[in-house]
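**Q**
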DNA sequence: CCACGGATTGGCT
DNA sequence: GCCAATCCGTGGA
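In our numbering, the protein residues as written are 18 to 218.
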């Protein structure tokens, strides 16, 4: 088996829906000292500021959302509900304002560090394991992603995404997005069918 | 099992 | 001043 390689800039610079679906099954990695936290991406949502009222970029560029107007391959991290961070992968060309929200990953490596970040302890119950990374803010807490990670280049060595074989269409499902109040009918949530780390069925 | 509400900052109207 | 791309605990059926 060939070693996994980082996704190249060109991967991210395509249509937001293509990138969203192809991110499923890829590996999110964050460096912590000499260790690497790793999880398989299993659930995402597409946001497109050109047509989508739920996208942070719908109303144009602001200080908060400016990273989302970068070219593809940067991390857009935002703070919400006064206590949570969520992370997005920016897609497309410069000034498009499109990104993919990471909603759930399946934890694969350094679970004890993730457990410490999430629950303040290394040994966790099966319920806590299930709740480790099955939500957008849970991913950020487990992976230690916060405000200072906004704008991180995913082609760098701190936070990046490793390639894997493209999933066949029949393993992917789509639904409406979760937790929004605008553009609620767009079926832009994509996830791996039957994965046990989804935030919802 | 499900529904509901509190937490708590800060962006934008 | 309003309210958010969330999470978690509580309380009732």
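Cβ coordinates follow ideal geometry from the N, Cα and C atoms, glycine included.
Which term fits residue 57, buried or exposed, when burial requires 16 or more other beta carbons within 10 angstroms of its beta carbon?
**A** buried
**Q** Whole angstroms is fine: what's the gap from residue 74's alpha carbon to residue 85's?
**A** For residue 74 and residue 85, the distance between alpha carbons rounds to 7 angstroms.
**Q** What is the DSSP secondary structure of residue 28, reduced to helix, strand or coil?
**A** helix
**Q** Nearest-angstrom Cα distance between residue 202 and residue 192?
**A** 9 angstroms
**Q** Would residue 179 and residue 23 qualify as a contact pair, given that the criterion is a beta-carbon distance under 8 angstroms?
**A** yes
**Q** Quick one: what's got a C-beta closer than 7 angstroms to residue 200's C-beta in the same chain, skipping five residues either side?
**A** Its chain contains 69, 70, 71 as the residues whose beta carbon lies nearer than 7 angstroms to that of residue 200, once the 5 sequence neighbours on both sides are disregarded; these appear in chain order.
**Q** With a floor of 3 residues, list each beta strand (DSSP E) that falls wholly inside the region 61–103, ordered by position along the chain.
**A** 92–97
**Q** So residue 132 and residue 149 are supposed to be a Cβ contact under 8 angstroms. How far apart are they, rounded?
**A** Contact between residue 132 and residue 149 holds: CB atoms are separated by about 7 angstroms, below the 8 angstroms threshold.
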